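Following: one structure in structure tokens, then a few remarks.
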Amino acid sequence: MKQLTGTDASFLYMETSSSFGHVSGLSIFQKPDVEGWSAYEALRAQIEHRLPLLEPLRRRVVEVPFELDHPYWIRDPDFDLDYHLRETAVPPPGDDAQLANLVARIVGRPLDRSHPLWEAYVIEGLPDDRFAILTKVHHATVDGASGAEFMSIMFDDAPDEDLEVDDELAGIIDRWTAEPVPSAPVVLRQALTDVLRKPGKLARLQVRSLRAVGELTRNRGLVGLAEVARSFPNPRAMIGSRTPIETDVPPTVPAGTAPPTPFNGAITPHRRVAIRTASLEDVKQIKNALGATVNDVVMAVVSGALRAYLEGHDALPTNPLVAMIPVSIRTGEEEDRWTNRVSAIFAPIPTDQSDPIARVGAVHEAMDVAKDRFTLLPADVLTEYSQFAPPALATRAIRLATRLKVGDRLNPPFNLVISNVPGPRQPLYLNGAKVLHYYPVSTIVEGQGLNVTVQSYCDRLDFGLVSCRELVPDLDDLADLMLDELKTLAKAAKKHSS
């Protein structure tokens, strides 16, 4: 048995009847010109062959009785590859809207914890001899960076890759053996042993924290730490100091750190998905013309689209929206690559700026400030504190927030998640079928009914938007506004540089 880290386990604790902890990816393929070629059989053969490299596919979760400690991974004794692989299709004409609707229905269902936490769907019915593969993998297993690595392992980097001559698997022996599902007393005994070690681990972590604080520049460090502390909502204020948490009386509403929007509210299990593609070269031309980064341009495009969308709904706040931006803290030296090494920064995005060029500058400045605060303490120190959060308390708090519809009653600490993930720069293949697009399909949580994730692949940027169906029913309109904003920004940048 191997225990989940506190960060990994947190994605299990976040799950409710309306919030799900899995992340997904939608790959679009061009079928090879081979008679009788089967996408399902190609995917099955590929995964079966690569199982020695893909540990998460054959492990399942075992919960600790009474939620006394974080769960454990075991090697699933009942692993059945065919259970995880499914076939489906979109009806004619099989356009992107129909595909996105099908994906929305699939990602709006939780994964079964009695099996390894993943599924893969082969989706037929697309025009022009194309097909799609949708993967659902629990965030407890992968983050954005390891998810991209997962993709590069599962697919080939050449169209004529031979499974029998696989350099990546050369010399690797599949030593996987199943583990019996442990009884509750066995798991409890192991958990109690691990709990007894935690005081010492916590003390060592506190020493690391003090050392990190001591290494900071004196004034800047103290000010920065105070600002970081202020950026988190006060749990007591969020719950309400006069209302016992055991009751269903609505909590009092404090002033939040982000303005309210139509997509900040209690979410339902129903999802909308929208997919779009932009030219990576166009984005690079903009960033070169303005002396910015690709991420600055992406953030500015999203900000401009959100501004136009909210204006169209008579709901544009005076203050800028606040985005949570996931940040990888991988060093490349991790012993376990199939775990979460991710933190986050919080930054205002310039939805209050009407000029597209000014938005790029505002994003750049806001990100610089956010990154300075982020580096005040080592991110791995902050994330390791999650190891000591009581699971029962975390689960109870999240369920209570859902039951009380806290998202409808409190201003959010941030408005949405925006993520920009670097993907493969070279084409990938599945037994001769070329990957044309890779659309990230992330997750949403209580109070934040919108997620925008962008991933680069070869010479393009693929946008994946996910929302609560009831909060953002017109998600396609927002996705279209992002492409419109990119065109507007390209024209403005060209004029600016001439």
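To convert, note that position 204 of the sequence shown is 187 in the working numbering; the numbers rise steadily by one, no gaps. Just so you know, even glycine gets a beta-carbon here, dropped at the ideal spot from N, CA and C. Note that the structure is predicted; figures quoted are calculated from it, not measured.
Determine the burial state of residue i: buried for a count of at least 16 other Cβ atoms within 10 Å of its Cβ, exposed for fewer.
| i | result |
| --- | --- |
| Val101 | Before going further, note that residue 101 is Trp rather than Val in the sequence given. Buried. |
| Gly4 | buried |
| Ala49 | Going by the sequence as given, residue 49 is Phe instead of Ala. Label assigned to Phe49: exposed. |
| Ile228 | Residue confidence is low: Ile228 scores 34 on pLDDT, short of 50, so the model does not pin down where it sits. Its coordinate-derived value is still stated next. Looking at its Cβ environment, which holds fewer than 16 other Cβ atoms inside 10 Å, Ile228 is exposed. |
| Glu70 | exposed |
| Asp445 | buried |
| Ala167 | exposed |
| Glu493 | Summary: the structure shown does not reach residue 493, with the chain confined to residues -16 through 481, and so no result is reported for it. |
| Val169 | exposed |
| Arg324 | buried |
| Ile155 | exposed |
| Leu109 | buried |
| Ser439 | buried |
| Glu18 | exposed |
| Arg255 | buried |
| Asp231 | In this predicted model, Asp231 has a pLDDT of only 41, less than 50, meaning its place in the structure is not dependable enough to derive any value. |
| Ala298 | exposed |
| Trp321 | buried |
The alpha helix (DSSP H) with residue i in it runs from where to where?
| i | result |
| --- | --- |
| Phe133 | Gly127 to Met137 |
| Ile89 | Asp79 to Val90 |
| Phe(-6) | Gly(-11) to Tyr(-4) |
| Ser480 | Leu458 to Ser480 |
| Gln29 | Ala22 to Arg33 |
| His67 | Leu64 to His67 |
Output needed for residue i: all residues of its chain with C-beta closer than 7 Å, excluding positions within five of it in sequence on either side, in chain order.
| i | result |
| --- | --- |
| Thr276 | Lys270 |
| Leu466 | Arg259 and Ala261 |
| Gly342 | It is Arg, not Gly, that sits at residue 342 in the sequence shown. Answer for Arg342: Ala283, Ser286, Gly287, Pro333 and Gln336, listed in chain order. |
| Ser129 | Arg320 and Trp321 |
Which same chain residues, not among the five before or five after residue i, have their C-beta less than 8 Å away from its C-beta?
| i | result |
| --- | --- |
| Ala349 | Ala330, Pro331, Ile332 and Pro333 |
| Asp442 | Ser262, Leu263 and Glu264 |
| Thr301 | Pro242 and Asp335 |
| His516 | The chain is shown only over -16 to 481; residue 516 falls outside these bounds and no answer can be derived. |
Give me, in chain order, the residues of the same chain whose beta-carbon lies closer than 6 Å to that of residue i; leave out the 5 immediate sequence neighbours on both sides.
| i | result |
| --- | --- |
| Glu468 | Val284, Gly287 and Ala288 |
| Ile340 | Ala475 and His479 |
| Pro35 | Ile155 and Asp157 |
| Val281 | Asn403 and Val437 |
Could you tell me the boundaries of the beta strand (DSSP E) in which residue i lies?
| i | result |
| --- | --- |
| Cys451 | Arg443 to Cys451 |
| Ser10 | His5 to Gln13 |
| Arg58 | Tyr55 to Arg58 |
| Thr334 | Element bounds for Thr334: n/a, residue is neither H nor E. |
| Ala103 | Trp101 to Leu109 |
| Ile312 | First-last for Ile312: undefined, no H or E at that position. |
| Ala115 | Arg113 to His121 |
| Val404 | Leu399 to Val404 |
Below 7 Å, is the gap between the Cβ of residue i and the nearest heavy atom of the ligand GTP?
| i | result |
| --- | --- |
| Gln431 | Because no ligand of any kind appears in the structure shown, any question about the ligand GTP cannot be addressed here. |
| request: Take every Cβ of the segment 451 to 462, pair it with every Cβ of the segment 15 to 33, and state whether three or more of those distances are shorter than 8 Å. | output: Output reads no: the segment 15 to 33 does not touch the segment 451 to 462.
| Touching or not, the segment 155 to 167 and the segment 39 to 49, by the rule of three or more beta carbon pairs under 8 Å? | yes
| request: Within the segment 226 to 305, note down every full beta strand (DSSP E) run reaching 3 residues or more, in order along the chain. | output: 254 to 262
| If you pair each beta-carbon of the segment 122 to 135 with each one of the segment 408 to 428, do three or more pairs fall below 8 Å? | yes
| Cβ contact (3+ pairs, closer than 8 Å) linking the segment 406 to 415 and the segment 129 to 141 | yes
| message | Could you check whether the segment 92 to 101 touches the segment 8 to 21, counting it as contact only if at least three pairs of C-beta atoms, one from each stretch, sit closer than 8 Å? | response | no
| So does the segment 46 to 65 actually touch the segment 83 to 91, counting three or more Cβ pairs closer than 8 Å? | no
| Taking only runs of the beta strand (DSSP E) that begin and end inside the segment 408 to 442, which ones reach a length of at least 3 residues, in chain order? | Annotation: the segment 408 to 442 contains the following complete segments of the beta strand (DSSP E) (minimum length 3 residues), in chain order: 416 to 424 and 433 to 440.
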